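**Student:**
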Amino acid sequence: MRSDVARAPLGLKLAAAAGLSFLLAPLLIIFVYAFTTEEKSFVWPPPGLTLKWFAVTWGRPDVWAALSLSVQVAAVSTAVALVLGTLCAAAVSQSRFFGRETISLLVILPMALPGIITGIALRSAFSLLEIPFSFWTIVLGHATFCIVVVYNNAVARFRRTSGSLIEVSMDLGADGFQTFRYIILPNIATALLAGGMLAFALSFDEVIVTTFTAWQQQTLPLWMLEELIRPRQRPVTNVVAMVVVLVTLLPILGAFYLTRDGDQVAGAGK
Amino acid sequence: MTAAVSLRSVSRHFGPVKAMDKVDLEIVPGEFFAMLGPSGSGKTTCLRVIAGFEQPTSGSIAIFGEDATGVPPYRRNVNTVFQDYALFPHFNVIENVAYSLMLRKVPKPERLRQAGEALELVKLSGYGERRPAQLSGGQRQRVALARAIVNRPSVLLLDEPLGALDLKLRENMQEELKSLQRTLGITFIFVTHDQGEALSMADRVAVFSEGRVMQVGSPEEIYTKPNSRFVADFVGSSNVLPPAFVEGVAGVRRWASLRPEAIRVGPPDVGRPCATMVSRIYLGSSTRLMLDLNGTRLHALVPSGPNVPLQGAQVAVEFDASALHLMEGEG
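Chain order of the listed sequences is V and W. Going by our numbering, the final residue of the first sequence carries number 270, and the count climbs one at a time with no gaps. Going by our numbering, the final residue of the second sequence carries number 1331, and the count climbs one at a time with no gaps.
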């Protein structure tokens, strides 16, 4: 029985608590500074607490511009990644062809490569091809790693989905489109949702690739970086940071819960 | 009469592998047809060619007189019960069964009625709301069966239909498949590697080996009159006797087969051929003997009892010359 298993010793509990606080305490400090009355520098403990920075943040057009750009970039990159990542996963998992393993590796590579390499590579490619920097260059940069997330999720689900489901569907009279609509999509939907949410979160707080692929535009992370260098209404950055933490945490939690169960192979009935 | 399925010189090659090599088959409407063979013999490929999942490399296929070469599976009036059942995990039982009706845009009440009828035929009424994951293996197979027969295909294909079931369930299902086939009057074609299954269920059997059809015939013909060493050996482990041996018994220099149960053994006697008992295996009502008759190995199946000779004993071997079946297919 599970309840009979010996409980963790005190030492282990303390170590776990220390590890968690090491990871999370800095976040809490950022949250606290969002309420401080001191605006030029960060002093601990905060001399006083106030909610006025929320109002100030609300009234700053540069915050809104950066937030809106970030949301747009993340949404479009995720959409691109969903289409391309799913197609790629379907090809790799449903059929055998020459170079299949290589393609599988190449798709995952952008994730393994340091972002700075991807950034430099994209920047030199853009200037070589004389593509002007724009919204779309940022999207392209983000799509390179968003595809990987979607691909990984989709490929795992495809592997767990019995290949004969598609054949059965065809056998019962469904053409390719109907099979996709009624059989494939419902079976991979949660995997796509999870992959999409992760991709969105990744794109939303990306800095390195964005610095190399953006020109004048500022995504939210880039805006924050600049705010830290120029001391002006500093707690505004902390308010935005809180929002970013929440915006990225929720989808990741969602993705975690969606993919947690369902370990059995879909459609293999024995 | 038009054949239900007719294959004319159908080959299916995968690179250098000839999965099917010039196969000719005529399957009669309404018959229960078995495709029997060891794994890799081409029987499953043959089933997939009939279903439309594989296209022949050469040759042609007709279903009820209509040319089906190149026709995709969704335009053939042929349905398949897969070996792993492949139920749709996101649908419940009734939605699984009604899937083909939904695709054909049958109105919902009519759809549910027909799906309910199909479930009744496989004795699963009342299971409509369950999910595939909540069913046992045997029940899943029945759902797969109901889903395949719901829109009355002209041919039903079954891939190793009893392969994943335990012994007791297998015997029940064997009889149910037979009676279902009689009720529906649909042509059933099933693939199996189990010769007992093929002989007991099928009206006719095709024995496959290395991509070719070795023999087609009724179970009795296949069992008592195998036309080749392969069929004799694969269908019920007959004794395959070399020409030199047969010449001494029947006077003809040909390969022959001899059923193990046609051999009688007795105490050594002058004037009768004498063999040495090599080993014996107790099988319950009968005992299987391995005999050495002047260097030729013979299997014999004799009733169990106190008279079964012991290992190493000398025994007289006897069989009627008429039990010896000369094989046409072997030179």
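C-beta atoms are modelled at their ideal positions from N, C-alpha and C, and glycine is treated no differently. Since this is a predicted model, take the numbers as computed values, not measurements.
(1) Looking only at its own chain, which residues have a Cβ that is under 6 angstroms from the Cβ of ALA1262/W, when we skip the five neighbours before and after it?
(2) For ASP1084/W and chain B, any beta-carbon pair shorter than 8 angstroms?
(3) Could you check if ALA55/V is buried or exposed, using at least 16 other CB atoms within 10 Å of its CB as the buried criterion?
(4) Taking Cβ-Cβ distances shorter than 7 angstroms, what residues in chain V pair up with ALA1051/W?
(5) Along the stretch 1092 to 1108 of chain W, what residues have a CB closer than 7 angstroms to any CB found in chain V?
(6) For the alpha helix (DSSP H) that contains ALA79/V, what are its first and last residues?
(7) Where in the stretch 165 to 194 of chain V do unbroken runs of the alpha helix (DSSP H), each at least 4 residues long, occur, reported from the N-terminal end onward?
(8) Output yes if chain V places a C-beta closer than 8 angstroms to the C-beta of THR1080/W; else output no.
(9) Quick one: give me the first and last residue of the beta strand (DSSP E) that PHE1033/W is part of.
(10) Use the C-beta contact count for ILE1027/W: other C-beta atoms within 10 angstroms, 16 or more gives buried, fewer gives exposed.
(11) Does GLU227/V pass the burial test, meaning 16 or more other C-beta atoms within 10 Å, or should it be called exposed?
(12) Looking only at its own chain, which residues have a Cβ that is under 8 angstroms from the Cβ of VAL139/V, when we skip the five neighbours before and after it?
(13) Along the chain, where does the beta strand (DSSP E) that runs through ARG1280/W open and close?
(14) Within the 8 angstroms Cβ cut-off, does LEU192/V reach chain W?
(15) Kindly say whether ALA174/V, judged by its beta-carbon, lies nearer than 8 angstroms to any beta-carbon of chain W.
(16) Decide yes or no for the touch test of the stretch 206 to 215 of chain V against the stretch 158 to 167 of chain V: beta carbon pairs closer than 8 angstroms, at least 3 of them.
(17) Using a cut-off of 9 angstroms between C-beta atoms, extract the partners of ASN187/V located in chain W.
(18) Using 8 angstroms as the limit for Cβ to Cβ distance, is ARG1012/W near chain V?
(19) For VAL1249/W and VAL1216/W, what's the separation of their Cα atoms in angstroms?
(20) Looking at C-alpha atoms only, which residue of VAL1278/W, ASN1307/W, ARG1142/W is the closest neighbour of GLY1295/W?
(21) What first and last residue would you give for the beta strand (DSSP E) that runs through GLU1318/W?
(22) With a threshold of 16 other CB atoms inside 10 Å of the CB of GLU1120/W, please say whether the residue is buried or exposed.
(23) For the candidate residues ALA191/V, VAL243/V, VAL245/V, VAL239/V, whose alpha-carbon lies nearest to that of THR37/V?
(24) Less than 8 angstroms separating the beta-carbons of LEU1047/W and ILE1189/W?
(25) At least one CB of chain W closer than 8 angstroms to the CB of LEU258/V: is that the case?
(26) Can you find a C-beta in chain V that's less than 8 angstroms from the C-beta of ALA1313/W?
(27) Counting C-beta neighbours from all protein chains within 10 Å, is the total for ILE131/V 16 or more, i.e. buried, or is it exposed?
(28) Using C-beta distances below 7 angstroms, list every residue in its chain close to GLU206/V, excluding the 5 sequence neighbours before and after it, in chain order.
(29) At 4 residues or longer, what runs of the alpha helix (DSSP H) sit wholly inside the stretch 1026 to 1106 of chain W?
(30) Would you tell me roughly how many angstroms separate the C-alpha atoms of ASN1079/W and PRO1260/W, rounded to the nearest one?
(31) For a contact meaning CB atoms closer than 7 angstroms, what does SER164/V contact in chain W?
(32) Run through DSSP, which three-state label would ALA1321/W get?
**Tutor:** Here's the rundown:
(1) PHE1319, ALA1323
(2) The chain labelled as chain B is not found among the protein chains of the depicted structure, namely V and W.
(3) exposed
(4) ASP171
(5) TYR1099, SER1100, LEU1103, ARG1104
(6) 61 to 94
(7) 176 to 179
(8) yes
(9) 1032 to 1036
(10) buried
(11) buried
(12) VAL73, VAL76, SER77, VAL80
(13) 1274 to 1282
(14) no
(15) yes
(16) no
(17) PHE1088, PRO1089, HIS1090
(18) no
(19) 28 angstroms
(20) VAL1278/W
(21) 1314 to 1318
(22) exposed
(23) VAL239/V
(24) yes
(25) no
(26) no
(27) exposed
(28) HIS142, PRO221
(29) 1043 to 1051, 1093 to 1103
(30) 39 angstroms
(31) PHE1082, ASP1084, ALA1086
(32) helix
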